[in-house]
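K.L.:
Just passing along the structure, written as structure tokens.
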Amino acid sequence: MSAAAAVDRGVRLDNGERDYNHVSDSEYKKLRDLADQAYKKRQQLSAQSQKAYKQGDGARAKELSEQAKKQMAIGDDYNFKAAEYVFRENNADSDSNEIDLHGLYVKEAIYILKRRIAAGVNRGESKLEVIVGKGIHSENGVAKLKPAVEELCNEAGLRSYIDKKNTGVLIVELQGARIPQSWNVQPLASSFNKPQEVYHGQAQQGYQQQQQPQYQQQPHYQQQQQQQQGGNNDLVGLLVKVFCMCFKTFTK
Numbered sequence: 001m002s003a004a005a006a007v008d009r010g011v012r013l014d015n016g017e018r019d020y021n022h023v024s025d026s027e028y029k030k031l032r033d034l035a036d037q038a039y040k041k042r043q044q045l046s047a048q049s050q051k052a053y054k055q056g057d058g059a060r061a062k063e064l065s066e067q068a069k070k071q072m073a074i075g076d077d078y079n080f081k082a083a084e085y086v087f088r089e090n091n092a093d094s095d096s097n098e099i100d101l102h103g104l105y106v107k108e109a110i111y112i113l114k115r116r117i118a119a120g121v122n123r124g125e126s127k128l129e130v131i132v133g134k135g136i137h138s139e140n141g142v143a144k145l146k147p148a149v150e151e152l153c154n155e156a157g158l159r160s161y162i163d164k165k166n167t168g169v170l171i172v173e174l175q176g177a178r179i180p181q182s183w184n185v186q187p188l189a190s191s192f193n194k195p196q197e198v199y200h201g202q203a204q205q206g207y208q209q210q211q212q213p214q215y216q217q218q219p220h221y222q223q224q225q226q227q228q229q230g231g232n233n234d235l236v237g238l239l240v241k242v243f244c245m246c247f248k249t250f251t252k
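The sequence shown begins at 1 in the numbering used here and counts up by one.
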């Protein structure tokens, strides 16, 4: 499946089935909503903690502060589950040179994309088709993923351009690319460092600023395509594993 054909998730395919659409996925929405609820509780508890502190009740302030931290961890947990879920669903049928970032918040998407780009460079891939969407489902219809990915590429000196056939796809040139040391990424199998980058990075405000995130073929060619698809499935699995490992380390 090409990126241009895959980006509009939910359209009817040639075989009569419908591709995955996270916007209408009740499980995905439930997990994001639960995360939002936890973050709101965290804000309330933090405000109560500050009030208790100002009133001279240090013990109560500390108790409320600990409860607020727990709510933040709960919110991060739900967001992580939503991110893992939507990433698997979106990339289950992607080609080997594609990555679909639909449904991910910006920090989740950038975290995963850095590692996917690094893997592509290490594998000698020529380009990567990054499905970022057109911002139709973003707040006020303003795209967030596309400018974030473009900024990432600009900072890293990676050439990127919009697919002429689909404005929801960015093509990132990987041939001859060098991964910036500032990314601090390692090969996927060992990229379990600095898990706090996934959810909080340098700022400690989590997600709250981001919410308002075949044709019949000749036998040889078909075998080659199956091998590529299998390789991509392995890569998707590794990316999810990295995400899981980092989050588990973070929440210990």
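Idealized CB from N, CA, C, for every residue including glycine.
List the endpoints of the continuous alpha helix (DSSP H) containing Asn166.
P.N.:
Where Asn166 is concerned, there is no enclosing alpha helix (DSSP H), although the beta strand (DSSP E) it sits in stretches over 166–173.
K.L.:
Between the C-alpha atoms of Arg159 and Glu89, what's the straight-line distance to the nearest angstrom?
P.N.:
Going from the Cα of Arg159 to the Cα of Glu89 covers about 28 angstroms.
K.L.:
Indicate whether the contact test is met: 3 or more Cβ pairs, each with one atom in the region 161–169 and one in the region 116–128, closer than 8 angstroms.
P.N.:
Touching, no.
K.L.:
Could you tell me which whole alpha helix (DSSP H) segments of length 4 or greater appear in the region 89–154?
P.N.:
Counting only runs of 4 or more, we get 106–122.
K.L.:
Using the C-alpha atoms, what's the distance from Leu152 back to Gly176?
P.N.:
If you take the alpha carbons of Gly176 and Leu152, they lie about 17 angstroms apart.
K.L.:
Is Ile256 helix, strand or coil by DSSP?
P.N.:
Since the first residue of the chain shown is 1 and the last is 252, residue 256 is not available in this structure.
K.L.:
What are the boundary residues of the alpha helix (DSSP H) that Ala38 is part of?
P.N.:
Counting along the chain, the alpha helix (DSSP H) containing Ala38 begins and ends at 26–54.
K.L.:
Give the DSSP-derived three-state secondary structure of Ile340 in the structure shown.
P.N.:
Residue 340 is absent from the model: the chain starts at 1 and stops at 252.
K.L.:
For Trp183, collect the residues of the same chain with a Cβ closer than 6 angstroms to its Cβ; drop the 5 residues on either side in sequence, then sort them by chain order.
P.N.:
Excluding positions up to five away in sequence, the list reads Lys114.
K.L.:
Compute the distance between the beta-carbons of Tyr78 and Leu31, then report whether it is under 7 angstroms.
P.N.:
Closer than 7 angstroms, so yes.
K.L.:
Rounded to whole angstroms, what is the Cα-Cα separation between Gln50 and Met72?
P.N.:
Approximately 16 angstroms between the Cα atoms of the pair.
K.L.:
Let me know the secondary structure DSSP gives Asn184 once reduced to three states.
P.N.:
Three-state DSSP puts Asn184 in coil, outside helix and strand.
K.L.:
Counting C-beta neighbours from all protein chains within 10 Å, is the total for Gly58 16 or more, i.e. buried, or is it exposed?
P.N.:
Looking at its Cβ environment, which holds fewer than 16 other Cβ atoms inside 10 Å, Gly58 is exposed.
K.L.:
When you measure from the CB of Leu104 to every non-hydrogen atom of the ligand SAH, does any distance come out below 6 angstroms?
P.N.:
In the structure on display, the ligand SAH does not appear, and there are no ligands present to speak of.
K.L.:
With distances taken Cα to Cα, identify the nearest neighbour of Leu101 among Lys62, Pro147, Ala61.
P.N.:
Out of Lys62, Pro147, Ala61, Pro147 has the C-alpha closest to the C-alpha of Leu101.
K.L.:
For the candidate residues Lys81, Lys70, Leu128, Ser94, whose alpha-carbon lies nearest to that of Glu108?
P.N.:
Closest option to Glu108, Cα to Cα, is Lys81.
K.L.:
Compare the Cα-Cα distances from Gln37 to each of Lys70, Glu66, Gly75 and report the closest residue.
P.N.:
Nearest of Lys70, Glu66, Gly75 to Gln37, Cα basis: Gly75.
K.L.:
I think Ala61 touches Ala68, with their Cβ atoms under 8 angstroms apart; what is that distance to the nearest whole Å?
P.N.:
Not confirmed; about 10 angstroms, so no contact.
K.L.:
Less than 7 angstroms between the C-beta atoms of Leu174 and Leu128, yes or no?
P.N.:
A contact, by the Cβ cut-off of 7 angstroms.
K.L.:
Please state the DSSP three-state secondary structure of Asp76.
P.N.:
Correct three-state label for Asp76: helix.
K.L.:
Count the other C-beta atoms from every protein chain shown that fall within 10 angstroms of the C-beta of Tyr161, then say buried if there are 16 or more, exposed otherwise.
P.N.:
Exposed.
K.L.:
Please identify the residue among Ala156, Ala83, Ile171, Ser46 whose C-alpha is closest to the C-alpha of Pro180.
P.N.:
The candidate whose alpha carbon is nearest that of Pro180 is Ala156.
K.L.:
Let me make sure I understand the geometry here. Which of Ala92, Tyr111, Lys70, Gly103 has the alpha-carbon closest to that of Gln44?
P.N.:
Taking only the C-alpha atoms, the option nearest Gln44 is Lys70.
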